[in-house]
């Protein structure tokens, strides 16, 4: 990812473009580290994923005491739930959540619609 060479997942791009076409604002919330913001931003644009309203990445300060995979999943769940809460506090409605790992959908607030995207590289359950 640091080289901005991650390929686009076509089904993900199709979904994002369909949602954008309906006039819905898109906020990307990723557990990718803030230190990768520039590479992430450049890669998203390069593969055609643009037109979203915001990109939230995880700060190192959000990492608690990560000793096990379970700790990591809890951190991601809490981080993404807190990011959704901040958006709601700013007046946005969370209409849907898209993710390739189940931890993307856990925690409150949630959404009426969820879209689980397959990940052929890895799966954490």
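In our numbering, the protein residues as written are 6 to 130.
Note that beta-carbon positions come from the ideal geometry of N, C-alpha and C, so glycine has one too.
Residue 37 holds the alpha-carbon nearest to the alpha-carbon of residue 84 among 15, 24 and 37. In the DSSP assignment, residue 34 is bridged to 61.
Relative to residue 98, the option among 61, 18 and 29 whose CA is nearest is 29. In this structure, the straight-line span from the alpha carbon of residue 27 to that of residue 80 is close to 32 Å. The residue among 58, 116, 123 and 89 with its C-alpha nearest the C-alpha of residue 25 is 58. In the DSSP assignment, residue 103 is bridged to 120.
Residue 39 and residue 45 have their C-alpha atoms roughly 9 Å apart. Going by beta carbons, residue 100 and residue 115 fall outside the 8 Å limit. DSSP, read as helix, strand or coil, puts residue 52 in coil. The Cβ neighbour count for residue 96, taken over all protein chains shown within 10 Å, is under 16; the residue is labelled exposed. In this structure, the straight-line span from the alpha carbon of residue 124 to that of residue 106 is close to 8 Å.
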